[in-house]
Amino acid sequence: MKRLSGVRPAWSLFLLWLTGCVTTDQTPSTLHPQGYVAAEMLTLTYILLALGGIGFAVFIAVLAYGLWGKPRGGNLHNWIIWGGIVFPAILLAITYFFTISTLRAIAGTADDPLIIEVVGNQYWWQVSYPEFGFETANEIHIPINRPIQLELKSADVYHAFWLPELGIKRDLVPGTTNTYQFSADVAKQYWGLCSEFCGIQHANMLLLVIGQEQADFDQWVANQQQDAPAPTTELTQRGYDIYIDAQCALCHTIRGTESAGNTAPDLTHLNSRLTLGAGVTRNSIGSLGGWVANPHGIKPGVLMPAAQLTGEELNALLAYLQTLR
Ligand SMILES: [Cu+2]
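The following block contains the structure:
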């Protein structure tokens, strides 16, 4: 057989395999499971891959035999019965067995999980902890080695919650609540993303799950439960007034103030979060200024209007927003 202009098929297949398999700690990958759900699913993946591989190898062997083997008499019916019915039935039965046992292993049945409600919005995640009575956005802190139960909803269109390393991929369906139990083994940051096209900024709808030791988690909860501090300086008071005048409160909540909108991320502890705009940029005073003055420059199509402010007003507003920790 003539090769296509020097590309060796084996080599290109190998490269193709590498593109899917080379990951680092920073890449959220289903091949690096960090919790029991993801580990069970990866095992199932390998089992299905092996079974598919066996089926494929047997098929190719029979095909090769048919093409090049020594012709022998024999009963055609036997080929059909063994090759067409018995062999596939055995493979499918094994597949069925492993799939069902994986589903059983990951079906969350813990009695006392930590419940976290996640509502998908174009293009951010609203996160609340009913047990502790507060809300936040885009960043979900969890204690490691404790069963977590997600209650997934949507405020507008279909979204999907995907956390590759922890094995969760579930749709957020308008009008329905999907629940899912999981736990994380390792205290680290897990990147997740929306995996159902939900509009123009779908690709910038990331989320960060932060697995923490219980004590660190408790500390985080205690801080999130606090209301925002009242402005203490002239500048931050001016910033707060601008925040109210600029209509930010129509959409946003800052607990402890008169700002109680509920169609945008809760800003009470804005600066405790690592990113802005659902992972589109790191949270720093520079990007915060850029975001408030022109969110569309950072996240085109975002459902937040640009604030029409003078430099002095923007400065004061930023000074106030910096107090939200
Ligand atoms: Cu989405």
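Heads up: the sequence shown begins at 209 in the numbering used here, then just goes up one per residue.
Note that beta-carbon positions come from the ideal geometry of N, C-alpha and C, so glycine has one too.
Does DSSP put residue i in a helix, a strand or coil?
i, result
"P351", "strand"
"R211", "Any answer about R211 is weak, because its pLDDT of 49 lies below 50 and its placement is not dependable; what the coordinates show is given next. Coil."
"Y337", "strand"
"T387", "strand"
"L252", "helix"
"P508", "coil"
"E343", "strand"
"S309", "helix"
"N491", "coil"
"H367", "strand"
"N286", "helix"
"T303", "helix"
"V394", "coil"
"I408", "coil"
"S220", "helix"
"P503", "helix"
"N479", "helix"
Among the options, which has the Cα closest to the Cα of residue i?
i, options, result
"V417", "G505, A486, A457", "A486"
"D474", "C459, V488, T483, L482", "C459"
"R490", "L522, L415, N431", "L415"
"W287", "I376, T307, Y273", "Y273"
"G260", "R280, R216, G277, A297", "A297"
"Q330", "N412, G447, Y337", "N412"
"S495", "H477, G519, L311, L526", "L526"
"L517", "Y451, A318, V245, I262", "Y451"
"S362", "E442, Q433, I462, Q334", "Q334"
"N346", "Q357, V245, P355, V327", "V327"
"P241", "L478, A438, A392", "A392"
"P437", "I293, A468, R446, T476", "T476"
"L431", "F295, L478, N523", "Per the sequence shown, residue 431 should be read as Asn rather than Leu. For the residues F295, L478, N523, the minimum Cα distance to N431 belongs to L478."
"D320", "L358, L275, T344, E343", "L358"
"L299", "G263, K377, C402", "G263"
"A514", "W332, W499, T465", "W499"
Alpha carbon to alpha carbon, how far is residue j from residue i? Give it in angstroms, no decimals.
i, j, result
"M209", "L482", "Summary for M209: the model assigns pLDDT 43, below 50, so the residue's position carries little reliability, and this model does not support an answer."
"T471", "S492", "23 Å"
"T387", "L360", "6 Å"
"G534", "I289", "Any question about residue 534 goes unanswered here, given that the chain covers just 209 to 533."
"Q530", "E339", "28 Å"
"L374", "I314", "11 Å"
"G243", "T303", "23 Å"
"Q397", "P236", "10 Å"
"R312", "V245", "11 Å"
"V394", "W428", "17 Å"
"L257", "G291", "20 Å"
"T444", "H504", "26 Å"
"E404", "D364", "13 Å"
"R533", "A247", "36 Å"
"V266", "R280", "19 Å"
"L223", "S480", "42 Å"
"E520", "I324", "40 Å"
"A318", "W370", "21 Å"
"G400", "V488", "13 Å"
"F390", "I356", "5 Å"
"A218", "L275", "23 Å"
"I293", "W332", "49 Å"
"G446", "P439", "The residue you asked about is not Gly; residue 446 is Arg in the sequence shown. Spanning the two alpha carbons is a distance of roughly 9 Å."
| field | Cβ contact check for the stretch 509-524 and the stretch 405-415: 3 or more pairs under 8 Å | value | yes
Taking one C-beta from the stretch 246-264 and one from the stretch 299-313 each time, how about it: are there three or more such pairs within less than 8 Å?
yes
Is there contact here, the stretch 369-382 with the stretch 443-461, by at least three beta-carbon pairs under 8 Å?
-> no
Practice problem: Output the residue ranges of the beta strand (DSSP E) runs that lie fully inside the stretch 420-459 and measure 3 residues or longer, sorted by chain position. | Solution: Segments of the beta strand (DSSP E) lying fully in the stretch 420-459: there are none.
Is it the case that the stretch 347-361 contacts the stretch 420-429, given that we only count it when at least three CB pairs across the two stretches are under 8 Å?
Three or more Cβ pairs closer than 8 Å define a contact, and the stretch 420-429 meets that threshold against the stretch 347-361.
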